[in-house]
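Each residue of the sequence shown is one higher than the one before, starting from 0 at the first, in numbering that gives the first Met the number 0.
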Amino acid sequence: MIRLRRRPLLATLALAAIPGEPLAQGAEHRFGALFPLSGPLALQGDESFRGLELAAEERNAAGGILGRPIRLLKADAVDATQAIAEIRRLLGAERAVAMFGTHASALSVAASQIAELQGIAYIEMGATADAITERGFRTLFRTCPRIADFAIATVEAVAESLAPALAVEAQGLRVSILAEDQGDAQAMAAAQDGALRAAGLVPVERLAYPARMMDFAPLLQRLRAANTQILLHSGPQGDIAPLFRAMQDAAWRPAMLLGTGAGYAMAETARAVGAGFEGVLTLEFSPFAVKESFAPSVPLFVEAYKGRYGSEPRSALSLANYAAGLIAFEAFHRAGSLDKDRIRAVMLAAEIAEGASPAGWGLRFDERGQNTRARPFLMQWQSGTLHVIGPEPAATARLRTPLGG
Numbered sequence: 000m001i002r003l004r005r006r007p008l009l010a011t012l013a014l015a016a017i018p019g020e021p022l023a024q025g026a027e028h029r030f031g032a033l034f035p036l037s038g039p040l041a042l043q044g045d046e047s048f049r050g051l052e053l054a055a056e057e058r059n060a061a062g063g064i065l066g067r068p069i070r071l072l073k074a075d076a077v078d079a080t081q082a083i084a085e086i087r088r089l090l091g092a093e094r095a096v097a098m099f100g101t102h103a104s105a106l107s108v109a110a111s112q113i114a115e116l117q118g119i120a121y122i123e124m125g126a127t128a129d130a131i132t133e134r135g136f137r138t139l140f141r142t143c144p145r146i147a148d149f150a151i152a153t154v155e156a157v158a159e160s161l162a163p164a165l166a167v168e169a170q171g172l173r174v175s176i177l178a179e180d181q182g183d184a185q186a187m188a189a190a191q192d193g194a195l196r197a198a199g200l201v202p203v204e205r206l207a208y209p210a211r212m213m214d215f216a217p218l219l220q221r222l223r224a225a226n227t228q229i230l231l232h233s234g235p236q237g238d239i240a241p242l243f244r245a246m247q248d249a250a251w252r253p254a255m256l257l258g259t260g261a262g263y264a265m266a267e268t269a270r271a272v273g274a275g276f277e278g279v280l281t282l283e284f285s286p287f288a289v290k291e292s293f294a295p296s297v298p299l300f301v302e303a304y305k306g307r308y309g310s311e312p313r314s315a316l317s318l319a320n321y322a323a324g325l326i327a328f329e330a331f332h333r334a335g336s337l338d339k340d341r342i343r344a345v346m347l348a349a350e351i352a353e354g355a356s357p358a359g360w361g362l363r364f365d366e367r368g369q370n371t372r373a374r375p376f377l378m379q380w381q382s383g384t385l386h387v388i389g390p391e392p393a394a395t396a397r398l399r400t401p402l403g404g
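Structure, rendered in structure tokens:
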């Protein structure tokens, strides 16, 4: 079982435990855990749940919440309709007292609305759509970055890292955007396009393609004709291997590819693509190969993960959900009950410095319930390992160019 130092979290939750009616001892706390556990996002959903599960097991080993054990009620949803049905079941027949999820933005938008209407705390640990925390909800708290944060990080990566590495003025770089034509991928493409234009980096191409695209050849012809140097790709995990096969068949690739989406940080993706994945950049919100002084708990988490599941973590989604779970369980404990107003008071008072959470980011919720200290890390696949390139205090490697080099 993990034994991470909880002192930083305890010390920085500025609001003391709120006095109130004690909860009955002995009964369990039942928390809903809603993730896409089947369908195209099943791998990411399962990896996310594993992190939350490890957090619950650690908290239970330390006495649970107010002396009562945590029980996770695992539920699967592949679309918004199923998410609504499942959260209603969890909050009804299953008597869940709070919700965790969800990885996929469409699921989070739908399910968190039901939780808000019923006055139930909803902890979002992985869905990135800006709209999730822009609806004025009071029971919703998101620990991870928004798409807007990824767009800002994209501009920083292009202007501050890639331009110098390629010995080109940032405004002279030929940047293209390629994205699936729906959901988070299109939202990411739009945000990146806007952020790049605001910085004077006008994309030379912005292309969209339908779901389950298998033939990228025509799109690559356009990217090649535009003399694309930097390709920004947003899409599901299943699109990545076909894209790289198409680049190999075309005997063309950009100088660098920066991929957004959980698939770009999955070890399975790197193995599926093979040597051609060397040098790929991605933006994610929790690193494993990170400087130990920046996130000292990571090696302990990896050890515990391997002991529990018999393998290395498949991506840092588990680490991000683990950190978020620990934070939420501590907040529930300090609130003294699962009352929505008490939980909100503790969450808004919580403060963790940059790098002090197990996932490497900090914590400070704004009035919307958005963690303003969650930021994406710039990472690169080097020799089969996903290394942190930036920010500098967390970096374990220097940027290498070109793609495949």
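Cβ atoms here follow ideal geometry from the backbone N, Cα and C, with glycine treated the same way.
- If you draw a straight line from the Cα of V289 to the Cα of V387, it is about 6 Å long.
- Contact annotation: D214 and A128 have beta-carbon atoms that are not nearer than 8 Å.
- For A303, there is no enclosing beta strand (DSSP E); the residue is part of the alpha helix (DSSP H) that begins and ends at 297-308.
- Here D192 carries a helix assignment [DSSP, helix/strand/coil].
- In this chain, the beta strand (DSSP E) harbouring E179 covers 174-179.
- Going by C-alpha positions, A225 is about 14 Å away from A216.
- Secondary structure within the segment 68-92: the alpha helix (DSSP H) runs of 4 or more consecutive residues, fully enclosed, are 79-90 (chain order).
- Spatial neighbours of P202 in its own chain (CB-CB distance under 7 Å, excluding positions within 5 residues in sequence) are listed in chain order as V174, S175, I176, D192, L195.
- Per DSSP, reduced to three states, the secondary structure at V279 is coil, with no helix or strand assignment.
- Nearest to T101 by alpha-carbon distance, out of R87, R399, V77, is V77.
- Judged by DSSP secondary structure, T259 falls within the beta strand (DSSP E) whose first and last residues are 255-259.
- Just measuring C-alpha positions, the residue of G171, S107, A294 sitting nearest A158 is G171.
- Contact annotation: A120 and K339 have beta-carbon atoms nearer than 8 Å.
- Looking at the backbone, the Cα of A327 and that of V345 are separated by about 10 Å.
- Here the alpha carbons of S296 and L347 stand approximately 24 Å from one another.
- The C-beta distance from I151 to I113 rounds to 31 Å, too long to meet the 8 Å contact threshold.
- The three-state secondary structure of M98, taken from DSSP, is strand.
- Counting other Cβ atoms within 10 Å of its Cβ, Q236 reaches 16 or more and is therefore classed as buried.
- Distances from the CA of A207 to each of Q185, Q220, Q228 were compared; the closest alpha carbon is that of Q185.
- Put simply, the segment 51-67 does not touch the segment 138-150. Fewer than three CB pairs are less than 8 Å apart.
- Under DSSP, A288 forms a beta bridge with H386.
- Scanning L362, Q381, E366 for the CA closest to the CA of A373 turns up L362.
- Beta-bridge pairing by DSSP links H232 to L177, G258.
- The segment 258-275 makes contact with the segment 302-314: 3 or more CB pairs, one atom from each, lie closer than 8 Å.
- L318 places its beta carbon less than 8 Å from that of F300.
- Here M98 is not near G44, since their CB atoms are 8 Å or more apart.
- Rounded to whole angstroms, the gap between the alpha carbons of G275 and A250 is 12 Å.
- When secondary structure is reduced to three states using DSSP, F136 falls in the coil class, being assigned neither helix nor strand.
- E52 and L72 do not touch by the CB rule: their CB atoms are close to 12 Å apart, not below 8 Å.
- A direct Cα-to-Cα measurement between P392 and P298 gives close to 17 Å.
- Assignment of R145 by DSSP, reduced to helix, strand and coil, places it in the coil class.
- For A207, the enclosing beta strand (DSSP E) stretches over residues 204-208.
- In this structure, the beta-carbon distance from P375 to L282 falls below 8 Å.
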